[in-house]
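Take the sequence shown: its letters are residues 1 to 308, numbered as in full-length UniProt numbering.
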Amino acid sequence: TVTLFSTLGDSGVLYGLNQSESEYLIVGESLLKRIENIDDQIQSIKKIVYIANSPNSYKSRDPTIKAAREKLSKKYSMISLEQLEKNGNNIPPYPFSDPKPDDIMLIMYTSGTTGDPKGVVLTHDNFSEFIKNLLRRDLESPIKLFLYRSPGFLPMAHMFGYTCNLSTFLTDGDFGMSSPTTLLGSSPVHVTGQEGDINLLQPLSFMSVPLVLEKLLSEIYRRLNDRSPLATPIFNYLMDYKIRWRSRGYDTPIINRLVCKRINEQFGGRLKLMIISGAAVNERTHALATAALNVNCVMIGIYPLNFL
């Protein structure tokens with residue numbers, strides 16, 4: 001598998017396609033216009049699988065998308081994902097050879113700071129070790145980690161998002177597709193009174209990056225400020241008290257019941273576990289999030305996971 005951010009630009013997408021020598025391309029129908037722009041420079045693609053736009057979407061009526069699809073179909077074998085799934089249901093089961101630990105599982109192209117996109121190689125051994133390390137976090141019932149419901153909002157072209165989502169697919173867990181712009185109720189894309197995705201999903205686990213964790217804390221403070229000018233200083237005092245006693249091995253059941261439970265309810269009410277990766281996390285942010293949400297564990301130090 002090779003993943004490419006659609007935000008890389010035409011030159012970045014072309015670079016990744018040609019360097020990886022990919023023969024199959026899976027792409028959203030709306031992005032076919034991007035492929036049309038670089039069509040004459042693509043070297044190895046033979047078949048394109050496109051994810052069709054919803055019939056209710058305005059994009060389904062865009063004549064330029066239809067024109068791009070028709071033009072590309074003259075050069076490549078093209079099929080919709082829906083039709084591909086139907087065809088697959090008619091194929092009898094057949095065995096696959098087991099991969100070796102050092103076989104390449106994934107090439108993920110990141111933007112890089114300068115120059116062309118950088119292809120990060122992930123082997124099957126890398127992926128299995130990632131899962132095993134996460135499972136070690138709960139020695140009593142490790143498999144529960146991937147049986148939890150969680151919001152999936154990190155892109156599939158993000159190493160952490162990809163591995164976490166794929167890990168969930170390997171179990172009976174489930175996750176709801178979301179985005180950073182719809183996760184919280186205070187998001188500017190929501191109309192007044194609309195619930196954020198995290199409230200609707202009521203997740204038990206939350207896999208994220210530090211920036212989103214900081215937005216969660218900002219949401220807590222926003223709601224406190226809406227209640228009373230005294231709410232924020234009282235909250236800070238109680239959280240500092242809880243952090244201090246937790247560092248000594250004690251808990252604060254009264255604060256948990258009267259304060260933290262209500263805060264957790266603002267984020268679905270069932271949150272137990274947070275896994276934060278992708279960059280260094282501020283120590284204060286880590287301690288405050290753990291205390292305020294009363295989660296069992298905030299796992300950090302998996303930096304920089306997007307460059308394994």
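For glycine and all other residues, C-beta sits at the position ideal for the given N, C-alpha and C.
From a predicted model like this one, the values you see are computed outputs, not experimental measurements.
request  = Please name the residue or residues paired with D174 in a DSSP beta bridge.
outcome  = R149
query = For V212, which three-state DSSP category applies?
reply = helix
ask   = In this structure, does DSSP put I38 in helix, strand or coil?
value = coil
request  = Using beta-carbon positions only, say whether I263 and I220 come within less than 9 Å of one another.
outcome  = yes
key: Among Y58, T168, S205, nearest to I131 - alpha-carbon criterion   = T168
task = Pull up the distance between the alpha-carbon of I42 and that of T64, whole angstroms please.
result = 20 Å
task = Please state if the CB of L17 and the CB of R69 are separated by a distance shorter than 9 Å.
result = no
ask   = Is P210 buried or exposed, if buried means 16 or more other CB atoms sit within 10 Å of its CB?
value = buried
Option nearest K100 by Cα separation, candidates D116, S80, F127 = F127
message = Pairs of beta-carbons, one from the stretch 76–92 and one from the stretch 112–121, closer than 8 Å: are there three or more?
response = no
inquiry  = Report the start-end ranges of each beta strand (DSSP E) in the stretch 245–279 that is 3 residues or longer and not cut off at the edges.
reply    = 273–276
query = So, helix, strand or coil for L72, using DSSP?
reply = helix
task = Select from I107, S218, P180, G196 the residue whose C-alpha is nearest the C-alpha of T163.
result = I107
key: Proximal residues to F267 (C-beta, below 6 Å), its chain only, five neighbours per side dropped   = I198
Straight-line Cα distance separating M105 from H124 = 5 Å
query = What residue does the beta strand (DSSP E) around N106 start on, and which one ends it?
reply = The displayed chain sequence assigns Leu, not Asn, to residue 106. Its beta strand (DSSP E) spans residues 104–110.
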